[in-house]
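Here the structure comes first, spelled out in C-alpha cells, and everything after it is commentary.
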DNA sequence: TAGGAATTGTGTACAAATTACACGACTGCG
DNA sequence: CGCAGTCGTGTAATTTGTACACAATTCCTA
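Residue numbers (our numbering), protein chains in the order written: chain A, 327 to 568; chain B, 327 to 568.
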C-alpha cells in the first residue's frame, strides 16, 4: 500500500471523521455449506429477509467484526446460525462487484464447508434454514449462485487429491456410499471396479469388520478414515493448516 | 447475510454516523507480480514508506475505491504504479488477520500477475520499485512474505495444466528457456527429454523456422504460443474469464 | 584453426496408472 | 423361491511417467 493511502487512512482513523471515503466498504463472509443426503449434494441456504430479495434464498453470512480475523468470521457464522462447531472450512475467494449488494458496497469473502448432515443436526432449528439440492438451484439472492458455482469447482478439484470428502460422510461408510458421493459432486458416473482400485491406492481408509445393516440388498463392508489422517486439506488458501 | 446485520448496515448508511462499527475495516488489494530474468523467478517490490516498516520491501497495493470492482483494483494499481497494461492477473486469496496492518484494520485481497520483464519495461520508473529474486527474500512488510508464498503455490499448480506460464516469456523462446522457467518456478530440475515430450503433448506451441541467435553455444529452435491459445487460465477464481 | 565448453536433438525400455469390461455370490423382499 | 439390487473381484490394452546416452552444432579462445 502506498504511503499516501496510508496517511489518509491514519488521518481518517484518528479524527473519526470522513470515514466515508475510506471505510464505506463493508466486508462480509459467506459460507457455502455442502452436505450429502439421498445421493445428492446439497447446500444449506437461508430465506433472505431483505426486501430486494423477498423469497429468495441466500448463503449464510455476516459482516466481519472489527476484532475478529477474517478467517475466523465464517466459523462464528456457522456456530451462531446453525450451532455447528469444528467443521471443515476453507476460503475460496472474494467477490466485490460494485453492485453486488443492493444496500451498499459490500465485498464478501466466500468459504466452503463440508459437513455430515446426519451427525450435525442443526441445533438452532431456524425454520428458514434448509438444505437444497444443487440441481434446480435458482432465484438466489445477490451473486450467491455464482459463489456456489465457484465453491463447487474448488470442491471438485480438491476431492481428487485430498481426503476432504470424508467430512461429508458418517464415521463408517461403504464404498458405494463414497462412490455415490464422488458421483454427486463430479456430476458423472464412475466405473465401480476402477473406483475401488483408485481409492485403495490412496490408502486413506481402514476396512472394518462390520457390514452395512440398513440396506435392502446385499450389504457391503464398512470402512473408516485411517486413524491419524487429517480430513482437512493439507494447505489452506491462507497458508494456515487448521 | 442476516437481516439484522443488514438493518444495521442500512441504518449506518442513512444516518451517516456510527460508521465506526461497520465500515472501519478498510479493504485493499496487493499484487504479487512475477517476472523471469537470469534464470530466476523474481517478484516486483516497492520500498515501504511506512514508518513501522522503514526499509522493508512490500507488495504493490492500494485501497479499493468505492466505485471500482474489487477485481478491477489490481489492474488500476498496476497501471498507476508501473504503467503496465493488459497483464495477466488472478485473484488468489484474502488475508485479514486482525493485526496484519499496523495502522488499523485492513483486509487485503491478493492477486498474482505474470509479466515479461523485457517487454514491459516499467514505464513509471519509480526508483523505489525493484525486481527481487525469490530466494533470499526477507524483511518484507506486513504479511507480504506469506502472501507471496501462497501466490507461488498457486502459480506452481497452475503451470502444470494451463498455459499461463507464457506470460512470463517473450513472444519467441526456446524450449530451454521454457524449461529453465519451469525449473525456477517449481524449484526442481527436470529431465530434458521428458520435459520436451510433455510439452509437445500439450500442443500449446508452434515451431518456428527461426533459431536463437544470442546464445554462446549451439542455438535451439524458437517456438511461439499457438495462435488463438489464450494464455490466461481457463477459469478465473471469480468465475470470470477475462 | 583446432579443441573445449555448452547445448541441441532424439528414442527406448520399464514401471505405473488408467480404462474398459463380466460374472457368480449374497441379501432382502414380495 | 425367484427377482431386484448390489457386492466383490481381475485382466488385457492403452496411456503416462521415468530413467537414461550419444552424436551433432555453435561459439569461444588459445
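For glycine and all other residues, C-beta sits at the position ideal for the given N, C-alpha and C. This structure is a prediction, so every number in the text was calculated from the model and none was measured.
Check: Is residue 431 of chain A near the ligand MG, in the sense that its beta carbon is under 6 Å from a heavy atom of that ligand?
Finding: This structure lacks the ligand MG, and indeed carries no ligand of any kind.
Checklist line | Residues that residue 368 of chain A bridges to, as DSSP identifies them | finding: For this step, residue 368 of chain A is matched to residue 42 along the first chain. Looking at the DSSP assignment, residue 368 of chain A forms a beta bridge with A:361 and A:459.
Next item on the list: Use the C-beta contact count for residue 396 of chain A: other C-beta atoms within 10 angstroms, 16 or more gives buried, fewer gives exposed.
Entry: Position 70 of the first chain, counted from the first residue, corresponds to residue 396 of chain A. Per the 10 Å Cβ criterion, buried.
Checklist line | Which listed residue (A:419, A:503 and A:352) has its alpha carbon closest to that of residue 475 of chain A | finding: As a working note, residue 475 of chain A is residue 149 in the first chain. Of A:419, A:503 and A:352, the residue nearest in Cα terms is A:419.
Margin query: Does any residue of chain B have a CB that is nearer than 7 Å to the CB of residue 320 of chain A?
Written below: Nothing about residue 320 of chain A can be read from this structure; chain A reaches only from 327 to 568.
Check: Quick one, are the C-beta atoms of residue 436 of chain A and residue 473 of chain A less than 7 Å apart?
Finding: As a first step, residue 436 of chain A is located in the first chain; it is residue number 110 there, counting from the start. As a first step, residue 473 of chain A is located in the first chain; it is residue number 147 there, counting from the start. Yes, Cβ-Cβ distance for residue 436 of chain A and residue 473 of chain A is below 7 Å.
Item checked: Amino acids of chain B, ordered along the chain, whose beta-carbon sits closer than 8 Å to that of residue 390 of chain A -> Translated into positions along the first chain, residue 390 of chain A becomes position 64. What residue 390 of chain A touches in chain B: 351, 422 and 433.
Check: Is it buried or exposed for residue 403 of chain B, if we count other Cβ within 10 angstroms and need 16 for buried?
Finding: Taking the first residue of the second chain as position 1, residue 403 of chain B is located at position 77. When all chains shown are included, residue 403 of chain B counts as buried.
Checklist line | Alpha-carbon spacing of residue 381 of chain A relative to residue 447 of chain B, whole angstroms | finding: If you number the first chain from 1, residue 381 of chain A lands on position 55. If you number the second chain from 1, residue 447 of chain B lands on position 121. Distance between the alpha carbons of residue 381 of chain A and residue 447 of chain B: 53 Å.
Next item on the list: Using a threshold of 7 Å, state whether the C-beta atoms of residue 494 of chain B and residue 362 of chain B are closer than that.
Entry: Counted from its first residue, the second chain places residue 494 of chain B at position 168. Counted from its first residue, the second chain places residue 362 of chain B at position 36. For residue 494 of chain B and residue 362 of chain B, yes; Cβs fall inside 7 Å.
Note to self: Quick check: is the beta carbon of residue 466 of chain B nearer than 7 Å to any beta carbon in chain A?
What the structure shows: Counting from 1 along the second chain, the entry for residue 466 of chain B is found at position 140. Chain A, which has no Cβ nearer than 7 Å to the Cβ of residue 466 of chain B, makes this no.
Notebook entry, point to check: Start and end of the beta strand (DSSP E) containing residue 434 of chain A?
Noted result: The count along the first chain starts at 1 and reaches residue 434 of chain A at position 108. Per DSSP, residue 434 of chain A belongs to the beta strand (DSSP E) from 432 to 440.
Checklist line | Rounded distance between the beta-carbons of residue 392 of chain A and residue 353 of chain B, thought under 8 Å | finding: Your numbering for residue 353 of chain B matches position 27 in the second chain. Your numbering for residue 392 of chain A matches position 66 in the first chain. No, residue 353 of chain B and residue 392 of chain A are not in contact; Cβ-Cβ is about 13 Å, not under 8 Å.
Next item on the list: Assign residue 378 of chain A to buried or exposed, taking buried as 16 or more other Cβ atoms, counted over all protein chains shown, within 10 Å of its Cβ.
Entry: The count along the first chain starts at 1 and reaches residue 378 of chain A at position 52. Classification of residue 378 of chain A: exposed, given that the 10 Å Cβ count is below 16.
Next item on the list: In angstroms with no decimal places, state the Cα-to-Cα distance between residue 443 of chain A and residue 424 of chain B.
Entry: Here the question's residue 443 of chain A lines up with position 117 in the first chain. Here the question's residue 424 of chain B lines up with position 98 in the second chain. Residue 443 of chain A and residue 424 of chain B: Cα-Cα distance of roughly 32 Å.
Note to self: If distances are taken between C-alpha atoms only, which option among A:390, A:405 and A:538 comes closest to residue 501 of chain A?
What the structure shows: For the purposes of this step, residue 501 of chain A is taken as residue 175 along the first chain, with counting starting at 1. Here the closest residue by C-alpha is A:538.
Item checked: Proximity test, Cβ basis, 7 Å: residue 396 of chain A and chain B -> Position 70 of the first chain, counted from the first residue, corresponds to residue 396 of chain A. Residue 396 of chain A counts as touching chain B.
Check: Which whole-angstrom value is the C-beta distance of residue 481 of chain A and residue 360 of chain A, which I expect to be below 8 Å?
Finding: For the purposes of this step, residue 481 of chain A is taken as residue 155 along the first chain, with counting starting at 1. For the purposes of this step, residue 360 of chain A is taken as residue 34 along the first chain, with counting starting at 1. With 8 Å as the limit, residue 481 of chain A and residue 360 of chain A qualify as a contact, their Cβ atoms being about 7 Å apart.
Notebook entry, point to check: Counting only runs that start and end within the region 464 to 511 of chain A, where is the alpha helix (DSSP H) found for 4 or more residues in a row?
Noted result: 470 to 487
Margin query: So if I threshold CB-CB distances at 7 Å, which residues from the region 402 to 421 of chain B count as touching chain A?
Written below: 417, 419, 420 and 421
Item checked: C-alpha gap between residue 558 of chain A and residue 408 of chain A, whole angstroms -> Along the first chain, read from residue 1 onward, the residue named residue 558 of chain A stands at position 232. Along the first chain, read from residue 1 onward, the residue named residue 408 of chain A stands at position 82. Taking the straight line from one Cα to the other gives about 21 Å.
Next item on the list: State the Cα-Cα distance for the pair residue 456 of chain A and residue 467 of chain A, rounded to the nearest angstrom.
Entry: Numbered from 1 along the first chain, position 130 holds the residue referred to as residue 456 of chain A. Numbered from 1 along the first chain, position 141 holds the residue referred to as residue 467 of chain A. Straight-line Cα distance between these residues: approximately 15 Å.
Note to self: Counting C-beta neighbours from all protein chains within 10 Å, is the total for residue 514 of chain A 16 or more, i.e. buried, or is it exposed?
What the structure shows: Residue 514 of chain A sits at position 188 when you count from the first residue of the first chain. Result: exposed.
Item checked: Element boundaries [beta strand (DSSP E), containing residue 528 of chain A] -> Indexing the first chain from 1 puts residue 528 of chain A at position 202. From DSSP, residue 528 of chain A is part of no beta strand (DSSP E) but of the alpha helix (DSSP H) over 518 to 528.
Note to self: Please list the terminal residues of the continuous beta strand (DSSP E) segment that includes residue 531 of chain A.
What the structure shows: If you number the first chain from 1, residue 531 of chain A lands on position 205. Looking at the DSSP string, the run of the beta strand (DSSP E) that includes residue 531 of chain A is 531 to 537.
Margin query: Run through chain B and tell me which residues come within less than 7 Å of residue 393 of chain A, C-beta to C-beta.
Written below: Taking the first residue of the first chain as position 1, residue 393 of chain A is located at position 67. Those within 7 Å of residue 393 of chain A in chain B are 424.
Checklist line | Alpha-carbon spacing of residue 347 of chain A relative to residue 431 of chain B, whole angstroms | finding: Against the first chain, residue 347 of chain A aligns to sequence position 21. Against the second chain, residue 431 of chain B aligns to sequence position 105. Bear in mind that a pLDDT of 47 at residue 347 of chain A, under 50, signals an unreliable position, so the number given afterwards is only what the model happens to contain. Rounded to the nearest angstrom, the two C-alpha atoms are 15 Å apart.
Checklist line | Nearest neighbour of residue 376 of chain A, chosen from A:365, A:394, A:427 and A:355 [CA to CA] | finding: The count along the first chain starts at 1 and reaches residue 376 of chain A at position 50. Of A:365, A:394, A:427 and A:355, the residue nearest in Cα terms is A:427.
Note to self: Can you tell me where the alpha helix (DSSP H) holding residue 404 of chain B begins and where it ends?
What the structure shows: Working through the second chain from its first residue, we reach residue 404 of chain B at position 78. From DSSP, the alpha helix (DSSP H) with residue 404 of chain B extends over 399 to 408.
Next item on the list: For the beta strand (DSSP E) holding residue 551 of chain A, just list the boundary residues, first then last.
Entry: Indexing the first chain from 1 puts residue 551 of chain A at position 225. Run containing residue 551 of chain A: 547 to 551, per the beta strand (DSSP E) assignment.
Checklist line | Span separating the alpha-carbon of residue 518 of chain B from that of residue 413 of chain B | finding: As a position in the second chain, residue 518 of chain B is number 192, starting the count at 1. As a position in the second chain, residue 413 of chain B is number 87, starting the count at 1. Taking the straight line joining both Cα atoms gives about 30 Å.
Margin query: I need the DSSP call for residue 347 of chain A, collapsed to helix, strand or coil.
Written below: Counted from its first residue, the first chain places residue 347 of chain A at position 21. Note that residue 347 of chain A has pLDDT 47, beneath the 50 cutoff, so the model's placement of it is unreliable and no number is given.
Notebook entry, point to check: When DSSP labels each residue in this structure, what does residue 555 of chain A get in the three-state scheme?
Noted result: Here residue 555 of chain A refers to the residue found at position 229 when the first chain is read from its first residue. Three-state DSSP puts residue 555 of chain A in coil, outside helix and strand.
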